[in-house]
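A short worksheet on the structure shown next.
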Amino acid sequence: MRQIVLDTETTGLEHQQGHRIIEIGCVELERRRATGRYFHHYIQPDREVDEGALAVHGISNEFLADKPRFDQVVDEFLEFVRGAELIIHNAPFDMGFLNAELKRLGERYPVMETQCSVIDSLALARQMHPGQRNSLDALCKRYGVNNEHRELHGALLDARILADVYLVMTGGQTSLSLGAHESSGDQAQDGAGEVVRRLADDRPRLRVISATKEELDHHAVFLDALSESAGGACIWSRD
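Residue numbering for the sequence shown follows my numbering, starting at 7 and increasing by one per position.
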């Protein structure tokens with residue numbers, strides 16, 4: 007499975023008010039491993055960056071003056087992400103901006119949802135940790151992901167941090183290992199020097215044992231009882 011962890015920085019908060027994308031950062035994962043491939047561009051937005059946005063990401067109008075415009079990088083960007091599963095923290099924000107940029111280019115470019123599937127890691131975190139803070143910084147603290155080098159927001163930096171967080175949050179993998187190199191046939195070192203064991207490519211496929219109808223019926227009865235005792239708040243009963 008090919009996944010792309012994506013983040014953007016923008017001139018402001020509302021694309022409906024004409025705000026534009028000024029940075030796109032993407033990190034590629036294959037079978038939950040970093041491939042080392044990434045996409046990154048700063049973009050000239052043809053408008054001023056709001057002071058509030060500048061305080062968040064530190065990307066100034068002067069810095070962006072000589073950068074390419076979105077129509078100059080769009081084909082490279084779409085080629086990189088097409089057919090992948092996008093992982094985005096607060097996906098409606100980034101997808102809204104990306105679709106607004108595509109709409110400006112005319113009918114040649116369909117909306118992102120027709121080219122990629124999307125996982126919103128913020129919505130996923132809220133399901134897993136209801137009532138708690140689920141910002142990227144909060145998730146880094148919760149899962150022990152180092153983000154000390156993140157003084158300001160940046161699309162590529164945040165995509166790399168989110169990749170680490172997502173892998174730990176969804177499967178217990180402890181490092182993205184972007185800088186890993188093979189130290190033996192089945193081991194590599196991550197950025198912190200820890201050894202990460204690699205499973206052999208020719209390992210036997212795991213057996214998948216499905217529950218019987220009787221087991222599923224017993225499980226449903228148990229969940230009903232659990233929901234009743236919890237006042238209808240059993241999360242395992244939700245669709």
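Note that CB positions come from ideal geometry on N, CA and C, so glycine has one too. Owing to the predicted nature of the structure, the values given are computational and were not obtained by experimental measurement.
>> Taking 8 angstroms as the limit between beta carbons, can you name the residues of its chain near Val171, skipping five residues before and five after?
In response: Within the sequence shown, numbered from 1, the residue matching residue 171 stands at position 165. Ser127, Leu142, Leu145, Cys146, Tyr149, Val151.
> In whole angstroms, what is the alpha-carbon distance linking Leu168 and Arg53?
Replying inline: Here residue 168 refers to the residue found at position 162 of the sequence shown. Here residue 53 refers to the residue found at position 47 of the sequence shown. Roughly 28 angstroms separates the two Cα atoms.
> Does the separation of the CB atoms of Gly31 and Ala165 fall below 7 angstroms?
Replying inline: Here residue 31 refers to the residue found at position 25 of the sequence shown. Here residue 165 refers to the residue found at position 159 of the sequence shown. Yes; because the gap between Cβ atoms is below 7 angstroms, this pair is in contact.
> Among Ile28, Asp13, Thr14, Arg39, which has the Cα closest to the Cα of Val174?
Replying inline: As a first step, residue 174 must be located in the sequence shown, where it is residue number 168. Of the listed residues, the one whose Cα sits closest to Val174 is Arg39.
> Which residues bound the alpha helix (DSSP H) around Ala71?
Replying inline: In the sequence shown, counting from the first residue as 1, residue 71 sits at position 65. Neither: Ala71 is in no alpha helix (DSSP H) and is coded neither H nor E.
> In three-state terms, what does DSSP make of Glu82?
Replying inline: Along the sequence shown, read from residue 1 onward, the residue named residue 82 stands at position 76. Correct three-state label for Glu82: helix.
>> Suppose contacts are defined by Cβ-Cβ distances below 7 angstroms. Is Thr14 in contact with His25 by that definition?
In response: For the purposes of this step, residue 14 is identified with residue 8 of the sequence shown, where counting begins at 1. For the purposes of this step, residue 25 is identified with residue 19 of the sequence shown, where counting begins at 1. No.
> Quick one: what's got a C-beta closer than 6 angstroms to Cys122's C-beta in the same chain, skipping five residues either side?
Replying inline: Counting from 1 along the sequence shown, the entry for residue 122 is found at position 116. Cβ neighbours of Cys122 beyond the five flanking positions: Val87, Ala90, Leu92.
> Between the C-alpha atoms of Met7 and Ala129, what's the straight-line distance to the nearest angstrom?
Replying inline: For the purposes of this step, residue 7 is taken as residue 1 along the sequence shown, with counting starting at 1. For the purposes of this step, residue 129 is taken as residue 123 along the sequence shown, with counting starting at 1. Those two C-alpha atoms are separated by around 21 angstroms.
> If we count the other Cβ atoms within 10 Å of its Cβ and call it buried at 16 or more, is Val227 buried or exposed?
Replying inline: One-based indexing of the sequence shown puts residue 227 at position 221. With fewer than 16 other Cβ atoms within 10 Å, it is exposed.
> Candidates Glu85, Val80, His95: which alpha carbon is nearest Arg110's?
Replying inline: Taking the sequence shown and counting its residues from 1, the one referred to as residue 110 is at position 104. Taking Arg110 as reference, the option from Glu85, Val80, His95 with the minimal CA-CA separation is Val80.
> At which residues does the beta strand (DSSP E) containing Gln9 begin and terminate?
Replying inline: Mapped onto the sequence shown, residue 9 falls at position 3. Here the beta strand (DSSP E) through Gln9 covers 8 to 16.
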